[in-house]
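Notes to accompany the following structure.
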Amino acid sequence: MTRRTPAAQTHDCRKAFAEELIAVAREDERIVAVCNDSVGSSNLVGFRQEFPDRLVNVGIAEQDLVGVGAGLANGGMIPFVSAAAPFLTGRALEQIKADAAYSDVPVVLCGQSPGMAYGELGPTHHSIEDLSWTRAIDNLRVLVPADPVQTRAAVRWAVDNPGPLYLRVPRFKVPEVTPEDAVLEPGRAVQLADGDDVTVIAVGTMVSRALEAAERLRGEGLGVRVLNMPFVDPLDEEAVLAAARETGGIVTVEEAITTGGLGAAVASLVAQHHPVPMRILGVTGFAPTGSASFLLDHFGLNAGGVAAAARSVLEHARA
Amino acid sequence: GHIGGDLSVTDILVTLFGAVLEVDPERPDLPERDRFVLSKGHCAAALYATLARCGFFPREELVTFMAPLSMLNGHPDRKKVPGVETNTGPLGHGFPVAVGAALAAALQGASWRTVVVLGDGELQEGSNWEAAMTAAHYELARITAVVDRNRLQQGARTEETKRLEPLGDKWRAFGWELREVDGHDHLALLEAFAASSTGKPVAIIANTVKGKGVSFIEDRVEWHHKVPSTEQVRIALEELAR
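Put into structure tokens, the structure is as follows:
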């Protein structure tokens, strides 16, 4: 597969989300946006201008937000429930479990500004736990786009495949990494680079950094396979196990706490079916004060950190 | 099960399914059906008995209630039981979902109505008041919220636990049209289910007796989820048959 060289230009995925939501809403009048006083932060201003009646604002009330979303789905609508990720998942987790996932209704839960996107606002506003929490809920798909192209595809996928979904919309600006011809479907990774020595599996904002690390390692004569895993749940088990068999080890990287997200999912699979050395990169605790960019570096979530983890995996594998 | 609350809500359910809701047991997924949500999902047994009686599923299924692999779980599962709209059990969930369903009807200009039955103790959950505000803000005249006001909750009387009164004033202050009735009087309930006369959503405080109809269960806090002995079941059935 051909891969785009990461361009210097970076993008905020929220804009792609907002534009694509308007595009699908033009095609299907069942689509409604539901928010918690988050018209601005969810980039729904344009949606409201075009579809004033189809923007439901429940005010600052996240439990009601998700419950109302589930009810709209029961009534035949396709709700995109959009709120800052920490409050959507943290405050309304039981509604996500009972009203959306267990009740099995087509609610698209859109977590805005996830990870450490809110930077200096601190851990109350960071959403590092969301991948652990949502992955633990049965019958809830977890989708983390890596760039604007994948974000647009994700919005469209959600409309075409009704069901409970957590869509984590990145805010931290990223370069385009997804080939235009890449297929987005559950349980299917997108391979962005190939190599035999080590595999890096990344999601969301970390994908471009994984590619950058792969370039550096290639300069050192190491072959790196880079997999983007947009569906953290369900995982592409085949791609993970192929990586375990065919390369010397696996590094995972995500802008989330390492207890239960992508790394934990990959580790569980690898440990049970084909144990190989692994390194799990992510956020390791409540962040200190700093910008999103500073905090990613602070937790080693950059090309240097990924490259170092890859070298460490290989040393372990060869020892 | 939760026999005390089952017996307090039964007359409300019978009135709704017997004479108010436009639902079709043969086609429980009809898009234009009325929506009924039992927010106090722990009283699933009363709902199952009502649904079976109305033909949503065979009455023989009722004996499997809470048995291993039964479709009749201790709290209702809409994937398994026809007539159930959303999976309730944790309190404070059904009301926001019902408001969403009523909002969907309003957005589509549809005429079906939404009825949600809440426990009184359940109103201590803040999510209900979030939902009450949303329904009033969107002027959802076609939703009715019924409070099964049996004055008891799991551990004690509601007013001793965390008082709800003045409950009618709370609903009015949240922008609802309020009606208060004897929740065991079918005709009074029927009248209370009439359309909103103010364009506001309608709240009905249905004053009930927890454990209604069985002398040793009525108004006794310990019967929230106590299981009767065989002898007690015999006496209870005799009393209820009168």
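Note that the protein sequences, when read in sequence, are chains A and B. The first sequence begins at 1 in this note's numbering and counts up by one. The second sequence begins at 1 in this note's numbering and counts up by one. Even glycine gets a Cβ: it sits at the ideal position worked out from N, Cα and C. Please read all numbers here as calculations on a predicted model, not as lab measurements.
{"Asked": "Short CB-CB distance (under 8 Å) between ALA324 of chain A and chain B", "Found": "Residue 324 of chain A lies beyond the residue range present for chain A, which begins at 1 and ends at 319; the question has no answer from this structure."}
{"Asked": "Cβ distance (whole Å) where VAL116 of chain B is taken to contact ALA98 of chain B below 8 Å", "Found": "4 Å"}
{"Asked": "Range of the contiguous beta strand (DSSP E) that encloses PRO79 of chain A", "Found": "78 to 84"}
{"Asked": "Beta-carbon proximity of PRO145 of chain A to CYS13 of chain A, cut-off 8 Å", "Found": "yes"}
{"Asked": "CB contact flag (LEU152 of chain B, GLY168 of chain B, <8 Å)", "Found": "no"}
{"Asked": "Cβ-based burial, GLY18 of chain B [other Cβ within 10 Å; buried from 16]", "Found": "exposed"}
{"Asked": "Those residues which DSSP pairs with VAL226 of chain A across a bridge", "Found": "A:ALA193 and A:VAL200"}
{"Asked": "Contact list for GLN9 of chain A against chain B, beta-carbon separation under 8 Å", "Found": "Going along chain B, no residue has its Cβ under 8 Å from GLN9 of chain A, so there is no contact; the nearest lies around 39 Å."}
{"Asked": "Cα-Cα separation, ARG311 of chain A to LEU222 of chain A", "Found": "9 Å"}
{"Asked": "Collapsed DSSP secondary structure at GLU130 of chain B in the structure displayed", "Found": "helix"}
{"Asked": "Whether ASP11 of chain B touches HIS224 of chain B by CB criterion (8 Å)", "Found": "no"}
{"Asked": "Interface partners of ASN74 of chain A on chain B, CB under 8 Å", "Found": "ARG35, GLU85, THR86, VAL97, GLY100, ALA101 and ALA104"}
{"Asked": "CA nearest to the CA of PHE286 of chain A, picked from A:ALA214, A:ASP37 and A:ILE128", "Found": "A:ILE128"}
{"Asked": "Closest Cα partner of THR198 of chain B within the set B:TRP176, B:GLN232, B:PRO96 and B:GLY211", "Found": "B:TRP176"}
{"Asked": "Contained alpha helix (DSSP H) runs [length at least 4] in the stretch 81 to 134 of chain B, N- to C-terminal order", "Found": "94 to 108"}
{"Asked": "Contact set for LYS162 of chain B: own chain, Cβ-Cβ below 8 Å, skip 5 residues either direction", "Found": "GLN124"}
{"Asked": "4 or more residues per run - each alpha helix (DSSP H) lying fully within the stretch 33 to 118 of chain A", "Found": "45 to 50, 62 to 74 and 85 to 91"}
{"Asked": "Cβ of ALA173 of chain B within 8 Å of any chain A Cβ", "Found": "no"}
{"Asked": "Proximity test, Cβ basis, 8 Å: LEU51 of chain B and chain A", "Found": "no"}
{"Asked": "Bridge partners - ARG171 of chain A, DSSP secondary structure assignment", "Found": "DSSP, once it has assigned bridges, lists no residue as partnering ARG171 of chain A."}
{"Asked": "Buried or exposed (CB count within 10 angstroms, at least 16 for buried), ASP77 of chain B", "Found": "buried"}
{"Asked": "Same chain, Cβ closer than 7 Å to ASN302 of chain A, five either side skipped, listed in chain order", "Found": "ARG209 and LEU296"}
{"Asked": "Where ALA256 of chain A falls, given that 16 or more other Cβ within 10 Å makes a residue buried", "Found": "buried"}
{"Asked": "Burial state of PRO6 of chain A, where buried means 16 or more other Cβ atoms lie within 10 Å", "Found": "Any reading at PRO6 of chain A is ruled out, since the residue's pLDDT is 48, under 50, leaving its predicted position unreliable."}
{"Asked": "Distance CB(GLU122 of chain B)-CB(LYS212 of chain B) smaller than 8 Å", "Found": "no"}
{"Asked": "DSSP state of TYR138 of chain B mapped onto helix, strand, coil", "Found": "coil"}
{"Asked": "Coarse secondary structure for PHE294 of chain A, derived from DSSP in three states", "Found": "helix"}
{"Asked": "Per-residue contacts from ASP64 of chain A into chain B (C-beta, under 7 Å)", "Found": "PRO96, SER127, GLU130, ALA131 and THR134"}
{"Asked": "CA-to-CA distance, GLY1 of chain B to PRO234 of chain A, given in whole angstroms", "Found": "35 Å"}
{"Asked": "Given 8 Å, three or more beta-carbon pairs between the stretch 46 to 58 of chain A and the stretch 96 to 104 of chain A", "Found": "no"}
{"Asked": "For GLY75 of chain A and GLY163 of chain A, the rounded distance between their alpha carbons", "Found": "14 Å"}
{"Asked": "Three-pair Cβ contact test at 8 Å for the stretch 213 to 220 of chain B versus the stretch 188 to 205 of chain B", "Found": "no"}
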